[in-house]
Structure formats: C-alpha cells, structure tokens
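Visitor:
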Amino acid sequence: MIEWTRNLGAKTLQSLGKLGRATLFLLRVLAGLPGLARRPLLVVAEIYSVGVLSLLIIVVSGLFVGMVLGLQGYNTLVDFGAEESLGTLVALSLTRELGPVVTALLFAGRAGSALSAEIGLMKATEQLSSMEMMAVDPERRVIGPRFLAGVIAMPLLAAIFTFLGIIGAYGIGTNLLGVDAGAFWSQMQGSVSFYEDVLNGVIKSLVFGVVASWIAVFEGYDCMPTSEGVSRATTRTVVHTSLAVLGLDFILTALMFG
Amino acid sequence: MAIDSAAESSDVLVDIRGLHYSRGNKKIFDGVDIQIRRGRVTAIMGPSGTGKTTLLRLIGGQLRPHAGRIVVDGQDVHKLSRAGLFRLRRRMGLLFQSGALFTDLTCFENVAFPLREHTTLPESLIRNLVLMKLQAVGLRGARDLYPSQLSGGMARRVALARAIALDPTMVLYDEPFSGQDPISMGVLVQLIRLLNDALGLTSVVVSHDVDETAAISDMIYVISDGKVVGEGTPQALRETDSEWVRQFMSALPDGPVPFHYPAPSYRSELLGEAGPGA
Amino acid sequence: MYVSRTAELWVGLFVLAGIASLFALAMKVSNIAAFQSADGYEIVARFQNIGGLTERAPVTLGGVQIGRVKSIELDQQTFQARVILAIAPDYNNLPEDTSASILTSGLLGEQYVGLEPGGMDATLSDGDEIMLTQSALVLEKIISQFLYQTASE
Chain A
9 MIEWTRNLGA
19 KTLQSLGKLG
29 RATLFLLRVL
39 AGLPGLARRP
49 LLVVAEIYSV
59 GVLSLLIIVV
69 SGLFVGMVLG
79 LQGYNTLVDF
89 GAEESLGTLV
99 ALSLTRELGP
109 VVTALLFAGR
119 AGSALSAEIG
129 LMKATEQLSS
139 MEMMAVDPER
149 RVIGPRFLAG
159 VIAMPLLAAI
169 FTFLGIIGAY
179 GIGTNLLGVD
189 AGAFWSQMQG
199 SVSFYEDVLN
209 GVIKSLVFGV
219 VASWIAVFEG
229 YDCMPTSEGV
239 SRATTRTVVH
249 TSLAVLGLDF
259 ILTALMFG
Chain B
93 MAIDSAAESS
103 DVLVDIRGLH
113 YSRGNKKIFD
123 GVDIQIRRGR
133 VTAIMGPSGT
143 GKTTLLRLIG
153 GQLRPHAGRI
163 VVDGQDVHKL
173 SRAGLFRLRR
183 RMGLLFQSGA
193 LFTDLTCFEN
203 VAFPLREHTT
213 LPESLIRNLV
223 LMKLQAVGLR
233 GARDLYPSQL
243 SGGMARRVAL
253 ARAIALDPTM
263 VLYDEPFSGQ
273 DPISMGVLVQ
283 LIRLLNDALG
293 LTSVVVSHDV
303 DETAAISDMI
313 YVISDGKVVG
323 EGTPQALRET
333 DSEWVRQFMS
343 ALPDGPVPFH
353 YPAPSYRSEL
363 LGEAGPGA
Chain C
301 MYVSRTAELW
311 VGLFVLAGIA
321 SLFALAMKVS
331 NIAAFQSADG
341 YEIVARFQNI
351 GGLTERAPVT
361 LGGVQIGRVK
371 SIELDQQTFQ
381 ARVILAIAPD
391 YNNLPEDTSA
401 SILTSGLLGE
411 QYVGLEPGGM
421 DATLSDGDEI
431 MLTQSALVLE
441 KIISQFLYQT
451 ASE
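Chains as they are written, first to last, in the numbering used here: chain A, 9 to 266; chain B, 93 to 370; chain C, 301 to 453.
1. Which stretch, first to last residue, makes up the beta strand (DSSP E) that contains T134(B)?
2. For chain A, is any of its Cβ atoms less than 8 Å away from the one on K370(C)?
3. Determine the closest residue to V104(B) out of V164(B), P206(B), S140(B), F269(B), with distance taken between C-alpha atoms.
4. Please look up how many angstroms separate the CB atoms of T386(C) and G367(C), rounded, as I've assumed it's under 8 Å.
5. By DSSP's criteria, A159(B) is part of a beta bridge. Which residues make up the other side?
6. Expressed to the nearest angstrom, what Euclidean distance is found between the alpha-carbon atoms of S101(B) and R129(B)?
7. Expressed to the nearest angstrom, what Euclidean distance is found between the alpha-carbon atoms of T325(B) and P268(B)?
8. Residues of the stretch 200-222 of chain B with a CB closer than 9 Å to any CB of chain A: list them in chain order, please.
9. Please list, in chain order, the chain C residues whose beta carbon lies closer than 7 Å to that of L63(A).
10. So is K131(A) buried or exposed if we call it buried at 16+ other beta carbons inside 10 Å?
11. If you draw a straight line from the C-alpha of L415(C) to the C-alpha of L394(C), how long is it?
12. Counting only Cβ-Cβ distances shorter than 8 Å, please list the residues of the stretch 206-225 of chain A near chain B, keeping chain order.
13. Below 9 Å on C-beta distance, what does K328(C) contact in chain A?
14. Using the Cα positions of S337(C) and S199(A), report the straight-line distance between them to the nearest angstrom.
15. Are the stretch 40-60 of chain A and the stretch 303-310 of chain C touching by the rule of at least three beta carbon pairs closer than 8 Å?
16. Taking 8 Å as the cut-off, decide whether the C-beta atoms of V296(B) and D125(B) are in contact.
17. Is the shortest distance between the beta-carbon of A253(B) and the beta-carbons of chain D less than 8 Å?
18. Using a Cβ cut-off of 7 Å, pull out every chain A residue sitting near S243(B), in sequence order please.
19. Any Cβ of chain A within less than 8 Å of the Cβ of A228(B)?
20. What first and last residue would you give for the beta strand (DSSP E) that runs through A381(C)?
21. Got a sec? Which residues, its chain only, sit under 8 Å from F265(A) by beta carbon, not counting five neighbours each side?
22. So F351(B) contacts chain A; which residues on that side make the cut at Cβ distance below 9 Å?
23. With a CB to CB cut of under 6 Å and the five nearest residues on each side skipped, what residues in its chain are close to L264(B)?
24. Look up L187(B) in the DSSP assignment and say whether it is helix, strand or coil.
25. Quick one: residues in its chain with C-beta nearer than 7 Å to the C-beta of V133(B), no 5 flanking neighbours on either side, listed in chain order?
26. Report yes if the CB atom of A125(A) is closer than 8 Å to the CB atom of V253(A), and no otherwise.
27. With which residues is S299(B) paired in a DSSP beta bridge?
28. Could you have a look at I10(A) and say whether DSSP puts it in helix, strand or coil?
29. Along the chain, where does the alpha helix (DSSP H) that runs through Y353(B) open and close?
30. So, with DSSP's three-state summary, where would you put G318(B)?
31. Drop a sphere of 10 angstroms on the beta-carbon of V225(A), count the other beta-carbons inside from all chains shown, and report buried for 16 or more, exposed for fewer.
32. Name the chain A residues whose beta carbon is nearer than 7 Å to that of A307(C)?
33. Cα-Cα, which of A355(B), K225(B), S114(B), D122(B) is closest to G253(B)?
34. What number of angstroms, rounded off, separates the C-alpha of E331(B) from the C-alpha of V314(B)?
35. Using DSSP bridges, identify the partner residues of E342(C).
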C-alpha cells in the first residue's frame, strides 16, 4: 500500500514536471514564430506533409460520416414526419461537433503521430543536436514550422470535412431517401447560424489544431532518443491528443452553446 | 603550466580548467585541464565510456559543467548569452559520430544548410561554395544522393563538408574513425590533417583508435577515470613511463585496466554460494 | 529549404479547398447569405401571443421567404409582443394593409411569420407597422376550446 502511494506520488510529480516542460516549450515555440514570417516556404513544406497528405483520409471520412448521418437522421426524423429537417440535423451536428472533433482525431492519427515520429527520429539520430551545434535553434527551425502548419491545417481540414459531410448527407438524403432538395437546403439555412454554429466550429478546430500540434511536436521533442522512445512518443501523441480533444470539446461546447 | 594571459589569447584557442562534470552519481570529469592550441590537431583519447563525447558537448556549450570553466577564443562558453553562444558556435564545426546528416535533404542541401541559415548569399554563390566543400571531401559527384544512399564513411565526409561550410575556426571530431573500413578510415585520417593545414583550422579529435589518431595529431591528451593521465606528443606518450598510458597506447589486453569488470569471485558464483543467480 | 513545385501547388490547392469549404459553409449552409439587417428595411408587427417564434425565423409571403425576424421584444405598455421583421430590399412594394400571422410549418415544424398582402396602393416602408396581425395558435388553447365546446353541446 505504501509502495502504491509512493508510486502514485512519483507519477504525479513526473506528470506535473512534464506539463511544466511542455508549457515552457510551447512558450518558446510561440516566441519563435514571428521569425518564420521571413521564411514562409518552411511552413509551406510542412503544410504539405501535415495538411495535404491528410486530405485523403479527411475527404473519405467526411463523405462517409455525412452519409451515415443522413441515413440515421432520416430514419429517426421520418417517424415524426420531420424528414425535411434532415439538412438542419446534419449541418448542425457537423459544424458544431463532428467536423472539428472527428477531424482532430483523424489528424492525431495521421499527422500528429507522423510529426512525433519524425521529430523523435531526428532527435535519436542527433540531427537536432547537430543543428544546435551549427548555431541553428531547432525549436525555431524544426518545431516552429511544424507547429504552425498544424494550426493552419486543422481548421481547413475541418471545414473540408464538414462541407463534404453535408454533401454526403445531401446525396443520400435526396437521391436515395427522397428528401426534397430545396427543403434540405432551406431548412438548413433557416436554422444554422453563421456566428453561433459555423464560426464556433472554426474556433473549436483552431483550438484543437493548437493542442494537437503542441502535443505532437512536444512528444517528439521530449522523447527518449531511442527507437523504443520514439514508438512510445508516437503512441502517447495519439492517446493524449484524443483525450485532450474530447475533454476540451466538452468544455468548449459548454462555453459556446451552454 | 604557467601561460600568461597574453600568450593565452594568442596561442591557446580552447582552455579548459578544473573541469568537473558528473552524470548521476558517476563522475565523468574530475578536475580536467586541457589546452588546445591554434592550428594544431589535438587528440583526446581514452577508453570507451570516459566521456570523450561529453567533453565535446561541454566545449560546444550543449552541456554545463558542474565546476571549472571552458574558455574558447577568450570567451567563457558557459557564461555567454544564448545569442553569444550561437555566434560562437558558428565558428565551430562538430562532426558527430553518426554524421547526423538531415535525412530528408540531399548531400548538397545538407552542406548548403548552414549557409542558407546563416547567410543571405545568392543561390549561385551558395552553389559554388557547396561544390567547393564537397570537392574538398571528394564527394562532389554524390551531391544529389540522400544520406540513406551513402556508406558510413561517405556520410561522415559529407558531414565534414557541412561542418566546414561556414569556414569555422575549429572543428571537433567525435570518434571519426570508429566503425570504418580501412580504406575510408585512411581517407578520413588524411582529410583531417589536410583540412587542418590547408584551411588553417584547429582540430580536436576525440577517438580511441590509437594508431590513426597518433599518426595525425600534434598533441595527445589521454583521459581515464575523469582525469588526464597523460599528455604530450604521440612520440612522447609512446615512451612514457606511465604503465596505464603504455597499456592504452600499445593496446595490451591486461594491465592497470583489468580485463574483467569488477565482479565477485568467479569460483564462488559458479558454486552458487551467493548472488542473485543462486 | 527547397520545396518542390508540386508540393507548393498542392498546398495552394489545399488552402483554397479549405477556404472554399468555409465559404460554402457560410453561404450555403448557414444563414449569413440571407438578409442582413443592414440592407432591406424593417417593419413592426404586434402580436398578442407569438407562441414559439424565435429570432431569425423566416418571414414569407405566399410561401416565398422574403425576410427574417430580426428581434422580438415585449411592449411594456400594452403587454404585446413587438416583432421586428427585416424584409429584403427587393420586396419594397408590400401594400399598407398587409396582414401578418404566425404559422407553423407542419404539425411540429418551426414557426414563421406569414404575410398576407392587402389591396391598398400605398406601400409599407421602413419603420411602418402592420396593423392586422393574428397570433400564434397555441395548441393547448385550441384543445381546451374544443373540449369546452363539445362539452357544452
């Protein structure tokens, strides 16, 4: 029992220390970001690997999530004779919740893990260290562009996901289930607010972008410089990002729509 | 070793005084004094695990000593601001044991990296400079290859070209010979000496390959158990009366450094009298 | 750092697709495209009871949406609901004796304001008030009325 308590204490201290390191790290990275304005190409290259390479999974998942929402929503709504509201149901769930959240989860699996692994391997093979010895700050040269690329890519990915989801639901709803196309769009426009729903969704995905990129680059930068350390960091990135996104989503939802 | 400060600034590039460093409970350096003179090849030797790489990281300011000071070109490395340290590092090249090339860049881009980061030279000039450095290490033809396509020796030569890209005052070599076949080893040995003399560099070679290192160095420090146990020219060290240094320089299997890691008596362990294996 | 042309192109395409999606969400999915309070004009209608009418609910004439409910407030003197309707600038020829009623789309659908044109030549303009209004049907009232009538018969 004493042993157990001691372990718990040690674990707590360790986690607190890590949180502190992560916060200081984030502040240093943020402080270095303005310097990137002189070298936008660095960020463009990272947006390619973080954003463009995630497009496929985002497009496919977006369409399918939308189609499933269309089917399920229709089956529920038709019982109340309210199948015209399908557009509203789909658009609200996608803009407010599913778009930002599912995109962030997919981002963690596709781009976050890749970021952690890449940075971890650069550390393990002394590339970061050699950069430091060349008087180049890896936090500015390596971490900064990747972090910024993640923050930029996330809202764009979420917007694409949401839009394609609505298209998917529209396709299923009007072609397969016979919902009137005009009613689909007009009902949707009638109840989706730009500021309250669309913009809040964008804010959510921006927050998720910061958190997911932060976790990914920090885990990579902080990992043990061994192959095992890198693999653990990659796993931690996916797990921590998913938990953080779901937890934050609750808080943000309570703040925005509560 | 009484060098007055005037001579110090002119002749000694790196001055290490009373260096103490420990990792956990293990003392790595316990009062080390080393002077590295300008224009010379200085070797720092010792058995594996004596913290030779650590020493290079201390000189480069990546680690902080627990006591003592390291002065490079008149500047105390560990009292510099971050910007000052970065300015100093531009004049140092460090060749990592693994080469530490950027795996996502070609050889050309690897060598161009420090130039692009620290200068605003036009592309044509960068190209000329990079080709010149690659020519110096004999790998101009390999410029479009990626590090994964290079042999270990070639990767180290590219890393060397990168280390001298900014024309540093000093190049630090971390185990440049380990794990090399005889040919690439010979190439590297030659290169270090040649570059040192042709570019007027100061070279610090950390190694445990006695013969190769002795062949090119002007001055050797032998470190063991956190202390300098021998210093002098290669010739002087070979003729030293220190038993330990002789064992190291002549690669004798047994001597003051025992063949066996400290352990309880073999006999008692075999008979299962004690120990965790019982 | 060298960035290949194709990568640059892809990133450009990606950013464009993202912004286009956002734009589509704004214009096609949400109501931002619909009438802003800045353009068009406002008319006032008073109702005894607005039922479940909410802000941003559609205003229709003959089933065609021509505006939106801008705001709803309670008139402290008359204790009537004062509903301000924002009408799109295209529909600037509504007769002065137009009447407004609060209707429900379907049995359980959302509530909206339906306008019924009158026959006068003068038209409503900014700030005018609709005189003829019909409150929302409150289901409980109708049911109790119905029960009361059947009981008395």
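Each residue gets a CB set at the ideal place from its N, CA and C atoms; glycine is no exception.
Being a predicted model, the structure only gives us computed values, none of them experimental.
Guide: From the atom records:
1. 133-137
2. No, its Cβ sits nowhere closer than 8 Å to a Cβ of chain A.
3. V164(B)
4. The amino acid occupying residue 386(C) in the given sequence is Ala; Thr does not appear at that position. Between G367(C) and A386(C) the Cβ distance is about 5 Å, and since that is below 8 Å, they are a contact.
5. Checking the DSSP bridge columns, you'll see A159(B) partnered with H112(B).
6. In this predicted model, S101(B) has a pLDDT of only 49, less than 50, meaning its place in the structure is not dependable; the value taken from the coordinates is given anyway. Near 10 Å, if we compare the C-alpha coordinates of R129(B) and S101(B).
7. 20 Å
8. F205, P206, E209, H210
9. F314
10. buried
11. Their Cα atoms are separated by approximately 9 Å.
12. The stretch 206-225 of chain A vs chain B, Cβ under 8 Å: nothing.
13. F171, I174, W193, M196, Q197
14. Residue placement at S337(C) cannot be trusted, given a pLDDT of 49 that sits under 50; the coordinates are not used to answer.
15. yes
16. no
17. Protein chains A, B and C are contained in the structure displayed, whereas chain D is not.
18. Chain A residues near S243(B): none, gap ~16 Å exceeds 7 Å.
19. No, A228(B) lies away from the interface with chain A (no Cβ there is under 8 Å from its Cβ).
20. 380-387
21. Excluding residues within five positions, the ones whose Cβ falls inside 8 Å are R104, E204, N208.
22. Residues of chain A passing the Cβ test: none, with the nearest at roughly 29 Å.
23. L148, L186, V296
24. strand
25. Around V133(B): I284, R285, N288, S295, V297, I308, S309, D310.
26. A distance of 8 Å or more separates the beta carbons of A125(A) and V253(A).
27. M137(B)
28. helix
29. Counting along the chain, Y353(B) falls outside any alpha helix (DSSP H), and DSSP gives it neither H nor E.
30. Correct three-state label for G318(B): coil.
31. buried
32. A53, Y56
33. Contrary to the premise, residue 253(B) reads as Ala rather than Gly in this sequence. The residue with the shortest Cα to Cα distance from A253(B) is K225(B).
34. Distance between the alpha carbons of E331(B) and V314(B) is about 14 Å.
35. A386(C)
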